[in-house]
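Here the structure is laid out as structure tokens; the discussion comes afterwards.
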Amino acid sequence: LGSWSDLVDNVVDISDNNIENLWNDSKKDMLKYYIRGYIKLHQGFYDREKNYHEWNDNNQNPIIEFLENALKDNNKREIVNLNYPYELSVISMMENNINQTKYYIYQTYEKIFKSLSNSNYFTNSHHLMNASQIQSILEISEAIDFIENINSDNAKSMFNKMLSKWNTRYPSDNETPIDYWFDICENREIILNLIKKVSESDTYDEKVVDQKKNIWLKCSKAALYLKNFFVVASCLSKSKSYGLSKLEFSYEAIKYIVTELKILKDPNERLKKIVSLGISLSGLYKVILTLYFL
43 LGSWSDLVDN VVDISDNNIE NLWNDSKKDM LKYYIRGYIK LHQGFYDREK
93 NYHEWNDNNQ NPIIEFLENA LKDNNKREIV NLNYPYELSV ISMMENNINQ
143 TKYYIYQTYE KIFKSLSNSN YFTNSHHLMN ASQIQSILEI SEAIDFIENI
193 NSDNAKSMFN KMLSKWNTRY PSDNETPIDY WFDICENREI ILNLIKKVSE
243 SDTYDEKVVD QKKNIWLKCS KAALYLKNFF VVASCLSKSK SYGLSKLEFS
293 YEAIKYIVTE LKILKDPNER LKKIVSLGIS LSGLYKVILT LYFL
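What the sequence shown shows, in the working numbering, is residues 43 to 336, in sequence order.
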């Protein structure tokens, strides 16, 4: 989670730098990772030299052309329509293709309903995967309904109700896997990006940014509870980019550092970690005090 650029690079390498090889039966798992990876990279990507590039009209996310071409081929279209309707709904939404988004929303529900009749559905991993998609596709449906009415008199009320629903739908079980959290938060960020894109005024700008900040702060706290420190750092960085205050960021960062240090029982390992994090002497003093009182 969070290393999506590395993931798609690895998939390209495994496919011998020819993504057409991903359509081979032996590479079907790689196809899934390629599609999922680039959807997660909906704003931009890091190249192999770790330089960041945002997508724009002259440099589009390659998954868009990849799937557009696939839909022109009968065999490939059958594969993606059968296996990736949810992913196609997200990409259609990213492209502001409302009718196509609606079509793939319906196809996603069909796929999920079919899986409900599968005797293996209630295995934990399968159940959580479908639960994540059900929640995400529901929220995409609600967002599309709002976008179609964005110029109506009750648009603001619809927007506020949508955000209120989101706030009640975070996983209540602290043991919920972090990939479930990440999928929900990523999906919401894509929705908010589209709302900002289609809005003809700045009416929603402030709430959109504030919601993004809170989404990733919430995800970072879930990751911290699950001791997934890489995701904590990634989510905090995202939240900071959307306006998380220095005080809030520092507080969450100290909790993250302290939790990670507490796991390391060997004092030498703790010291190595502190050095690797580049903590100053004053910062180290704060960490020691925090550790002392925990």
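We treat Cβ as the ideally placed atom computed from N, Cα and C, and that holds for glycine. Remember, it's a predicted structure, so these values are computed and weren't measured experimentally.
Given a cut-off of 8 Å, decide if residue 240 and residue 284 are closer than it, judged by their beta-carbon atoms. no
Determine the DSSP secondary structure at residue 86, reduced to helix, strand or coil. strand
Could you tell me the boundaries of the beta strand (DSSP E) in which residue 284 lies? No beta strand (DSSP E) holds residue 284; DSSP gives it neither H nor E.
Do residue 258 and residue 292 have their CB atoms nearer than 8 Å? no
From residue 54 to residue 61, what distance separates their C-alpha atoms? 6 Å
Taking the continuous beta strand (DSSP E) assigned at residue 94, which residues delimit it? 94-96
Counting only the same chain and skipping the five closest in sequence on each side, list residues whose C-beta sits under 7 Å from that of residue 227. 257, 258, 261
Just the Cα atoms here: how many angstroms apart are residue 266 and residue 202? 29 Å
If you compare alpha carbons, which of 52, 64, 296, 219 is closest to residue 90? 52
In whole angstroms, what separates the C-alpha of residue 126 from that of residue 57? 20 Å
Give the list of continuous beta strand (DSSP E) stretches no shorter than 3 residues that lie fully inside the region 242-269. none
Is DSSP giving residue 60 helix, strand or coil here? coil
Just how far apart, CA to CA, sit residue 137 and residue 79? 17 Å
Decide if residue 225 is buried, meaning its Cβ has at least 16 other Cβ atoms within 10 Å, or exposed. buried
Please report the Cβ distance between residue 151 and residue 130, rounded to the nearest whole angstrom; I am assuming they are in contact, meaning their Cβ atoms lie under 8 Å. About 13 Å; that fails the 8 Å criterion.
Hey, residue 87 and residue 47: beta-carbon distance below 8 Å or not? yes
Best match in 295, 200, 158 for proximity to residue 272 [C-alpha to C-alpha]: 295
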